[in-house]
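Read the structure below first, then the notes.
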Amino acid sequence: MIIGRDIQKIYGMGTVQVRALKGVSFGIDKGEFVGVMGSSGSGKSTLLHMLGLLDRPTRGFISIDGIDVGTLDERGRTLFRLRRLGYVFQDYALVPELTAQENVFLPSMVRGMSSHECTLVCSEILNLVGLGDRIHHLPSEMSGGEQQRVAIARALVNKPAILLADEPCANLDSKNSRVILDLFKKLNKDLHQTIVMVSHEEWHRSYFDRIIFMKDGEIDNEKNETPVS
Amino acid sequence: MFEESEVAFFLAKRSIVRGNKGTLYLTILIIGMVFVNLIFLPSIISGVAVLFNQQSIDYSYGNLVIEPKKNQVYINNVNELQKKIERVPGVTGVSSRFLTGAAITHKGNAVTPALYAINPDDERRVLKTASKVISGEYLSEGDTDQIVIGYRLAGNEDEKLDVIPSLGGVDVGQTVDITFNNGVTRQYRIKGIINSDSYSTDSSAFITKKEYESVFGLDNKANQILVRTQETGNEDKMRTTLMSFGVQEKIWTWQEKSANFLNQIIGSFNIINFIGTIVSLIIAVVVIFIVIFINTVYRRKQIGILKAIGIDRSIIIKSYVFQALFIFAIGTIVGFFFLLLILQLLAANPIVFPGGPVAPVVDTMLIIRSILSLLAVSLIAGYVPAWITTKEDILSAIRG
Numbered sequence: 001m002i003i004g005r006d007i008q009k010i011y012g013m014g015t016v017q018v019r020a021l022k023g024v025s026f027g028i029d030k031g032e033f034v035g036v037m038g039s040s041g042s043g044k045s046t047l048l049h050m051l052g053l054l055d056r057p058t059r060g061f062i063s064i065d066g067i068d069v070g071t072l073d074e075r076g077r078t079l080f081r082l083r084r085l086g087y088v089f090q091d092y093a094l095v096p097e098l099t100a101q102e103n104v105f106l107p108s109m110v111r112g113m114s115s116h117e118c119t120l121v122c123s124e125i126l127n128l129v130g131l132g133d134r135i136h137h138l139p140s141e142m143s144g145g146e147q148q149r150v151a152i153a154r155a156l157v158n159k160p161a162i163l164l165a166d167e168p169c170a171n172l173d174s175k176n177s178r179v180i181l182d183l184f185k186k187l188n189k190d191l192h193q194t195i196v197m198v199s200h201e202e203w204h205r206s207y208f209d210r211i212i213f214m215k216d217g218e219i220d221n222e223k224n225e226t227p228v229s
Numbered sequence: 230m231f232e233e234s235e236v237a238f239f240l241a242k243r244s245i246v247r248g249n250k251g252t253l254y255l256t257i258l259i260i261g262m263v264f265v266n267l268i269f270l271p272s273i274i275s276g277v278a279v280l281f282n283q284q285s286i287d288y289s290y291g292n293l294v295i296e297p298k299k300n301q302v303y304i305n306n307v308n309e310l311q312k313k314i315e316r317v318p319g320v321t322g323v324s325s326r327f328l329t330g331a332a333i334t335h336k337g338n339a340v341t342p343a344l345y346a347i348n349p350d351d352e353r354r355v356l357k358t359a360s361k362v363i364s365g366e367y368l369s370e371g372d373t374d375q376i377v378i379g380y381r382l383a384g385n386e387d388e389k390l391d392v393i394p395s396l397g398g399v400d401v402g403q404t405v406d407i408t409f410n411n412g413v414t415r416q417y418r419i420k421g422i423i424n425s426d427s428y429s430t431d432s433s434a435f436i437t438k439k440e441y442e443s444v445f446g447l448d449n450k451a452n453q454i455l456v457r458t459q460e461t462g463n464e465d466k467m468r469t470t471l472m473s474f475g476v477q478e479k480i481w482t483w484q485e486k487s488a489n490f491l492n493q494i495i496g497s498f499n500i501i502n503f504i505g506t507i508v509s510l511i512i513a514v515v516v517i518f519i520v521i522f523i524n525t526v527y528r529r530k531q532i533g534i535l536k537a538i539g540i541d542r543s544i545i546i547k548s549y550v551f552q553a554l555f556i557f558a559i560g561t562i563v564g565f566f567f568l569l570l571i572l573q574l575l576a577a578n579p580i581v582f583p584g585g586p587v588a589p590v591v592d593t594m595l596i597i598r599s600i601l602s603l604l605a606v607s608l609i610a611g612y613v614p615a616w617i618t619t620k621e622d623i624l625s626a627i628r629g
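Taken in sequence, the protein lines are chains A and B.
For the first sequence, position 169 (counting from the first letter as 1) is numbered 169 according to our numbering, and the numbering increases by one without interruption.
Take any residue in the second sequence, count from 1 to its spot, add 229: that is its number in our numbering.
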């Protein structure tokens, strides 16, 4: 599903260079729920940005769904993100002028889905994340947890191959965090959704199938977990 | 492509409907005012041109002016020529006259205005001067010792109020002395005073042709024939017709006779108008640019996120271009209504120029040109800031 080989990222091309990733190699199978953990500055978010095609590695190879993403041009990368990746950000990142439903069906519209199809798919996904009764609410009218669930619904609407989540619970209290993590687990289990999630909360570990621990830009170790049922 | 435009339109619509209304209304108002500015001044200039053109026809030249052949002082056999021209289809009036200079004096005030010697009945068929007598009467065919003068020439007792050298406030019934070019001096009673709003007419004096001929011992001559035609606008065609009827003298159209004067006025106005138009368009560009730029910079993070979830940069740019187009469209409509309001006010209270009241002339081409120029600047002002902001890489934008 995802193959990464010798991924390096060096910031700053002058005299001061920061090696954020120092040659990371790994593989993630379809249907896995993988956590990327590590201390601040360990390179976990940088790695997620590479997998999410938000940034290009300085060196190395990344293949997603059998495609060498390094060969894609800017337009190709945009289309790849649209069609094969779902991204959930730490701070929800919803468009404030759009309702929950509109935020969710925006990526579908870009794919050319009719507004009727969009409405149907959105209702289905918003029901799945437990927001069936909030579809016409603006982000400003929803709680943080609800906004993050809308963001997850948006990430899922195009049925992505991989769902990438960058510390999605960082701005949420533990109750809402649990709701989000339970939702991820449900998606992973029921829809066989591949998920890669960055986290630094110890108690999140129980949700992951496998954890990649990062330290100083390298994979420190990998560990299989006994997930919560 | 169509889906992209549809999404861009959707984003623009939501941003307008649910975005900051105060900024939107203010921007629309400014664009409306720019539209008014683009139309108003040129329409006044056109109005001035129309006014001066009409005055040239009504008070100075008629439609065509016939003058002596090269190296000749007079048009000979003018009575026959006049009759011949009167028979030309499309000609409604012909007036043969003398245009000369003379010295006019009254109680120590001496002036040298243009002096016209006319056949009053013929002149009535060509010019409207006779209808602009504000005091006394116009000349009659048999008048010999009578003169009609323009109100500027009559002047005021207080010479500070005069625009040109005057006779110091003469009135109907008073007498003036005229010394002609041949040295003959005669006394004339002021029969009427004219106010036509035409600068040249109001600065001139008029006696009968019969009187002038008796002073100079001339007969069946003139140095100018004015021709009035049924329609204005086909002067070139009428000139050809007159030539085909055997008129061998020089024939000028009223446009040719008044070209220098009018072109100078319109030329000066057009420079002012050009500067005004450029300034207006720059204001429009700057306002829309700033509004869109602030909007995009404020939403920099959001733009980064849209790109991150797979929304192409071109869609985001288009959404801002659509917003700029919306501001342009509504601004133009608002400006149009403002313009109608101003035109209504001006119809009730016209701007009075030295040549008379000016009605703004708003033609379709002027409106189309203004709309297109405003559309062009709106597209540029919408596109460029969106292009600049969306150029930033995704992570920098998201991090803000």
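Built from N, CA and C at the ideal position, the CB exists for glycine as well.
Task: Same chain, Cβ closer than 6 Å to Ser-324/B, five either side skipped, listed in chain order - done: These residues qualify, in order along the chain: Asp-351, Glu-352, Val-355, Leu-455.
Open item on the list: For Lys-361/B, tell me which candidate among Phe-269/B, Asn-424/B, Ile-617/B, Pro-589/B has the shortest Cα-Cα distance.
Closed with: The candidate whose alpha carbon is nearest that of Lys-361/B is Asn-424/B.
TODO: Using a Cβ-Cβ cut-off of less than 8 Å, list which residues of the region 531-564 of chain B approach chain A; keep chain order.
DONE: In summary, the residues of the region 531-564 of chain B whose CB is separated from some CB of chain A by less than 8 Å are Gln-531, Ile-534, Leu-535, Lys-536, Ala-537, Ile-538, Gly-539, Ile-540, Asp-541, Arg-542, Ile-544, in the order they occur in the chain.
Open item on the list: If I follow the unbroken beta strand (DSSP E) through Asp-166/A, where does it start and stop?
Closed with: Taken as a continuous stretch (DSSP letters only), the beta strand (DSSP E) holding Asp-166/A covers 162-166.
- [ ] Quick one: list the residues of chain B neighbouring Glu-97/A, beta-carbon separation under 7 Å, in chain order.
- [x] Within chain B, Arg-243, Ser-244, Arg-247, Gly-248 have C-beta atoms less than 7 Å from the C-beta of Glu-97/A, given in sequence order.
Task: Where Met-142/A falls, given that 16 or more other Cβ within 10 Å makes a residue buried - done: Classification for Met-142/A: buried.
- [ ] Could you name the residues of the same chain whose beta carbon sits closer than 8 Å to that of Val-514/B, not counting the 5 residues immediately before and after it, in chain order?
- [x] So the qualifying residues of the chain are Val-606, Ile-609, Ala-610.
Open item on the list: At 4 residues or longer, what runs of the alpha helix (DSSP H) sit wholly inside the region 541-566 of chain B?
Closed with: The region 541-566 of chain B contains no whole alpha helix (DSSP H) run of 4 or more residues.
Task: Selected residue, minimal CA-CA separation from Arg-59/A, among Gly-144/A, Ser-25/A, Lys-175/A, Asn-127/A - done: For the set Gly-144/A, Ser-25/A, Lys-175/A, Asn-127/A, the Cα lying nearest the Cα of Arg-59/A is the one of Ser-25/A.
Open item on the list: Just to confirm before moving on: does the CB-CB distance between Pro-589/B and Leu-572/B stay below 8 Å?
Closed with: In this structure, Leu-572/B lies closer than 8 Å to Pro-589/B by Cβ.
Task: Any alpha helix (DSSP H) of 4 or more consecutive residues that is wholly inside the region 133-160 of chain A - done: Taken in chain order, the whole alpha helix (DSSP H) runs of length 4 or more contained in the region 133-160 of chain A are 144-156.
Open item on the list: Does the structure place the region 619-626 of chain B close enough to the region 299-318 of chain B that three or more beta carbon pairs sit under 8 Å?
Closed with: Short answer: they don't touch.
TODO: Could you have a look at Arg-316/B and say whether DSSP puts it in helix, strand or coil?
DONE: Of the three classes helix, strand and coil, the one that applies to Arg-316/B here is coil, per DSSP.
Task: CB contact check: Ile-523/B to chain A, cutoff 8 Å - done: By the rule that beta-carbons nearer than 8 Å mark a contact, Ile-523/B does not touch chain A.
Task: Close Cβ partners of Phe-555/B (< 8 Å) along its chain, the five nearest in sequence each way excluded - done: Counting only Cβ-Cβ distances below 8 Å, and skipping sequence neighbours, we find Ala-241, Ile-245.
Open item on the list: Per the DSSP calculation, Lys-223/A is bridged to which residue(s)?
Closed with: In DSSP, Lys-223/A forms a bridge with Ile-211/A.
TODO: Using beta-carbon positions only, say whether Val-520/B and Thr-252/B come within less than 8 Å of one another.
DONE: For the pair Val-520/B and Thr-252/B, the CB atoms are nearer than the 8 Å cut-off.
- [ ] Please check if any C-beta of chain B sits within less than 8 Å of the C-beta of Asp-55/A.
- [x] For Asp-55/A, the closest Cβ of chain B is nearer than 8 Å.
Open item on the list: For a cutoff of 8 Å on Cβ pairs, would you count Glu-232/B as touching chain A?
Closed with: Output row for Glu-232/B: interface = yes.
Open item on the list: Short of 8 Å Cβ to Cβ, which residues in the region 22-43 of chain A face chain B?
Closed with: Nothing from the region 22-43 of chain A brings a Cβ to less than 8 Å from some Cβ of chain B.
Task: Chain-ordered residues of the region 138-156 of chain A with a beta carbon less than 9 Å from chain B - done: Those residues of the region 138-156 of chain A that come within reach of chain B (Cβ to Cβ, closer than 9 Å) are Leu-138, Arg-154, Ala-155.
- [ ] Spell out the partners DSSP gives Phe-582/B in its beta bridges.
- [x] Gly-585/B, per the DSSP bridge assignment.
TODO: Run through the region 43-119 of chain A for me and flag every whole alpha helix (DSSP H) of 4 or more residues, listed as ranges in chain order.
DONE: Listed in chain order, they are 44-51, 74-84, 100-110.
- [ ] Determine the burial state of Phe-503/B: buried for a count of at least 16 other Cβ atoms within 10 Å of its Cβ, exposed for fewer.
- [x] When all chains shown are included, Phe-503/B counts as exposed.
- [ ] Determine the closest residue to Met-37/A out of Asp-182/A, Leu-85/A, Ala-165/A, with distance taken between C-alpha atoms.
- [x] If we check each option's Cα against that of Met-37/A, Ala-165/A comes out closest.
TODO: Quick one: which unbroken beta strand (DSSP E) runs of 3-plus residues sit fully inside the region 272-321 of chain B? Chain order, please.
DONE: Counting only runs of 3 or more, we get 293-296.
TODO: Would you mind working out which of Phe-409/B, Tyr-417/B, Val-413/B, Ile-393/B sits nearest Gln-403/B, comparing C-alpha positions?
DONE: Measuring from the Cα of Gln-403/B, the nearest candidate turns out to be Tyr-417/B.
Task: Simplified DSSP state of His-335/B, which is helix, strand or coil - done: DSSP places His-335/B in strand when its eight states are reduced to three.
Open item on the list: Given this structure, state the Cα-to-Cα distance separating Ile-600/B from Ser-473/B, to the nearest angstrom.
Closed with: Looking at the two C-alpha atoms, the distance is approximately 46 Å.
Task: First through last residue of the beta strand (DSSP E) which encompasses Gln-416/B - done: Here the beta strand (DSSP E) through Gln-416/B covers 414-423.
Open item on the list: Counting beta carbon pairs with one atom in the region 189-204 of chain A and one in the region 163-179 of chain A, are three or more of them shorter than 8 Å?
Closed with: They touch, by the three-pair rule.
Task: Residue from Leu-128/A, Ile-135/A, Asp-133/A with nearest C-alpha to Asp-190/A - done: Minimum Cα distance to Asp-190/A is reached at Leu-128/A.
Open item on the list: For a test of the three-state rule: what should DSSP assign to Gln-477/B, helix, strand or coil?
Closed with: Three-state result, Gln-477/B: coil.
Task: Phe-490/B versus Leu-310/B: straight-line alpha-carbon distance, rounded - done: Near 29 Å, if we compare the C-alpha coordinates of Leu-310/B and Phe-490/B.
TODO: Spatial neighbours of Val-277/B within its chain, please: CB distance less than 8 Å, with the 5 preceding and 5 following residues excluded, ordered by chain position.
DONE: The answer, listed in chain order, is Ile-494, Ile-495, Phe-498, Phe-582, Gly-584, Val-587.
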